[in-house]
Amino acid sequence: HQNDSCSWQLLSKIPRDMVMILEYISGGELFERVVADDFTLTEKDCILFTRQICEGVAYMHSQNVVHLDLKPENIMCHTRTSHEIKIIDFGLAQRLNPEHPIRVLFGTPEFIPPEIINYEPIGVESDMWSLGVICYVLLSGLSPFMGDTDSETFANITRADYDFEDEAFNTVSQNARDFIAALLIKRKEDRMSAEQCLKHVWLDPETHQETVVLSTDKLKKFIIRRKWQKTGNAIRALGRMATLSASRRNSSNSNPNTPRPSLSGNSVPKMSSLNEEESATAANDTND
1 HQNDSCSWQL LSKIPRDMVM ILEYISGGEL FERVVADDFT LTEKDCILFT
51 RQICEGVAYM HSQNVVHLDL KPENIMCHTR TSHEIKIIDF GLAQRLNPEH
101 PIRVLFGTPE FIPPEIINYE PIGVESDMWS LGVICYVLLS GLSPFMGDTD
151 SETFANITRA DYDFEDEAFN TVSQNARDFI AALLIKRKED RMSAEQCLKH
201 VWLDPETHQE TVVLSTDKLK KFIIRRKWQK TGNAIRALGR MATLSASRRN
251 SSNSNPNTPR PSLSGNSVPK MSSLNEEESA TAANDTND
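First residue of the sequence shown: 1, per full-length UniProt numbering; consecutive thereafter.
See the structure below:
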């Protein structure tokens, strides 16, 4: 689909070599684009972007594929000047089979739905919750469920505890709020599907679309916080690897006959199933 990133794999004549050809997407992350100095964000722009996300998600779901990691970093602009978006990173995607329910414990804390936290069967509806969070952030710059810790964030998600009380929503239309509210529903079966989203009045091209300029100040803070979290995650990962390496060296030195452990299989300590990507270092700044 035109809104889903494409990749092709070509096997060379040398058995151990593989060449992967990927679609070139040069526009950068959507959120980075809309906060740029040369971009003026309006609700009309948000509608255009959201409609494309829904079209890409609708196609995925028609193929019984659920993405499971929809978040701002995985929504890219095709070029620096176009409004065309691409959904990327299908590393956590699952193909659904009605006869074999799937339960998972992974995702990005601010964007995962209640059923993942509760270890209940997922479905295409799980992506729709994440879409609701993305829309909320895009329109307001606020994270609807962000707590001071991951545990608090998860508690807010499982209660579907959010509101539109912040002043950032003063310039957001009621149709947009209704759209988000129809996605951020605890019981997944009650959420709008991607196809239903495309028929919602907010995304209807015939509906009057607001051109009021939306402030991106809070969205800029949100992006900065996310970058700091990524840096923290990388540092923690390096720390884990250093600790693991030191442990192996000590083990080998204490018993020279002990086989050197492999980096594969069960020898690698299991990371947290639910990404630790959301330490709330700058949460207060984002939700000011």
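By construction, the Cβ of each residue, glycine as well, lies at the ideal position given by its N, Cα and C atoms.
Legend entry - At least 3 beta-carbon pairs within less than 8 Å: the segment 123-134 vs the segment 77-89: no
Inset, instruction - Please work out which residues of its chain come closer than 6 Å, Cβ to Cβ, to leucine 219, disregarding the five sequence neighbours upstream and downstream, and give them in chain order. - result: Cβ within range, chain order: Val35, Gly141.
Legend entry - Within 9 Å, strictly: CB atoms of tryptophan 131 and alanine 160: Sequence check: residue 131 is leucine here, not tryptophan. No, these two residues do not count as a Cβ contact at 9 Å.
Inset, instruction - List the DSSP bridge partners of arginine 187. - result: Partner(s): none; arginine 187 has no beta bridge.
Legend entry - Cross-strand partners of threonine 42 (DSSP beta bridge): Val213
Inset, instruction - Look at the alpha carbon of leucine 105 and the alpha carbon of proline 114, and state the distance between them as a whole number of angstroms. - result: 11 Å
Legend entry - Option nearest asparagine 156 by Cα separation, candidates Leu203, His78, Thr40, Val133: Looking at the Cα atoms, Val133 is the closest of the given residues.
Legend entry - Residue of Thr158, Glu32, Lys199 minimising C-alpha distance to lysine 186: Thr158
Inset, instruction - Kindly indicate which three-state DSSP category valine 172 falls into: helix, strand or coil? - result: coil
Inset, instruction - Could you have a look at methionine 146 and say whether DSSP puts it in helix, strand or coil? - result: Residue state, collapsed to three classes: coil.
Inset, instruction - Can you tell me which of Phe39, Asp150, Leu203, Cys77 puts its alpha carbon nearest to the alpha carbon of phenylalanine 111? - result: Asp150
Inset, instruction - Report yes if the C-beta distance between glutamate 23 and proline 72 is below 9 Å; otherwise report no. - result: no
Inset, instruction - On the DSSP bridge assignment, give the partners of isoleucine 85 in chain order. - result: Beta-bridge annotation (DSSP): isoleucine 85 is paired with Cys77.
Legend entry - Residue range of the alpha helix (DSSP H) that includes aspartate 127: 124-140
Inset, instruction - Sort Val66, Ala182, Ile21, Ile180 by Cα distance to glycine 91 and report the nearest one. - result: Val66
Inset, instruction - Put arginine 95 into one of helix, strand or coil per three-state DSSP. - result: strand
Inset, instruction - Return yes when the Cβ of phenylalanine 145 is within less than 9 Å of the Cβ of threonine 153, no when it is not. - result: yes
Legend entry - Contact set for glutamate 276: own chain, Cβ-Cβ below 6 Å, skip 5 residues either direction: For glutamate 276, the predicted structure reports a pLDDT of 38, less than 50, and the residue's modelled location is therefore unreliable. The matter cannot be settled from this model.
Inset, instruction - Report the residue from Arg80, His61, Val57 whose alpha carbon sits nearest the alpha carbon of phenylalanine 31. - result: Arg80
Legend entry - Helix, strand or coil at glutamate 195 [DSSP, three-state]: Glutamate 195 sits in a helix when the DSSP states are folded into three classes.
Legend entry - Outcome for tyrosine 119 when other beta-carbon atoms lying within 10 angstroms are tallied against a minimum of 16: exposed
Legend entry - Separation of asparagine 64 from serine 143, as counted between CA atoms: 29 Å
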